[in-house]
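**Q** Numbering-wise, UniProt numbering puts 30 at position 30 of the sequence shown, and it's gapless, one number per residue. The structure under discussion is supplied below as structure tokens; questions concerning it will follow.
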Amino acid sequence: MDNNTRHKKSAHLVCDSGPFIVGTQIEDLAENVYTLPEVVNEIKDENTRQRLQFISYELKYREPSEEDVKAVISFAKKTGDYCQLSATDIKVIALTLRLEKEINGDK
């Protein structure tokens, strides 16, 4: 990759299981990578589980607040997305909301 196509790393990234399953080089995308224990528990593929044992970056496990989970559920119901989201999906979105509030404020 030359300097013109190189992208600046994000400071923070919240991951669902998808990037882990497809083997995305997450360490190239963000300085801080977060997920939930439920996300890793969803991964059934043995190769992916093995890969996670040897990642070269710190995977930070966090939980969203109950307040943020409730906010995501309320919003998802208003948009009609609630029925399409798993409990883990809701918590991943809520964790993203939690980090947004912590990093950029609660406005």
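All residues carry an ideal CB built from backbone N, CA and C; glycine is no exception.
Given that a residue counts as buried once 16 or more other Cβ atoms are within 10 Å of its Cβ, and exposed if not, what is L52?
**A** For the purposes of this step, residue 52 is taken as the residue at position 52 of the sequence shown. By the neighbour-count rule (16 or more Cβ atoms within 10 Å), L52 is not buried but exposed.
**Q** Cβ atoms of N32 and H7: under 8 Å apart, would you say?
**A** The residue given as residue 7 occupies position 7 in the sequence shown. The residue given as residue 32 occupies position 32 in the sequence shown. Cβ atoms of H7 and N32: not closer than 8 Å.
**Q** Is S17 buried or exposed, if buried means 16 or more other CB atoms sit within 10 Å of its CB?
**A** Here residue 17 refers to the residue found at position 17 when the sequence shown is read from its first residue. With 16 or more other Cβ atoms within 10 Å, it is buried.
**Q** Can you name the start and end residues of the beta strand (DSSP E) that K91 belongs to?
**A** Mapped onto the sequence shown, residue 91 falls at position 91. Per DSSP, K91 belongs to no beta strand (DSSP E); it is in the alpha helix (DSSP H), A87 to N104.
**Q** Measure the C-alpha to C-alpha separation of D66 and D28 and round it to an integer number of angstroms.
**A** Mapped onto the sequence shown, residue 66 falls at position 66. Mapped onto the sequence shown, residue 28 falls at position 28. Looking at the sequence provided, one finds Glu at residue 66 rather than Asp. Cα-Cα distance, rounded: 31 Å.
**Q** In terms of alpha-carbon separation, which member of A87, T35, K91 and L99 lies closest to Y57?
**A** Translated into positions along the sequence shown, residue 57 becomes position 57. Looking at the Cα atoms, T35 is the closest of the given residues.
**Q** Using a Cβ-based criterion (distance less than 7 Å to any ligand heavy atom), does D106 qualify as near the ligand MG?
**A** The model on display carries no ligand, and the ligand MG is accordingly not part of it.
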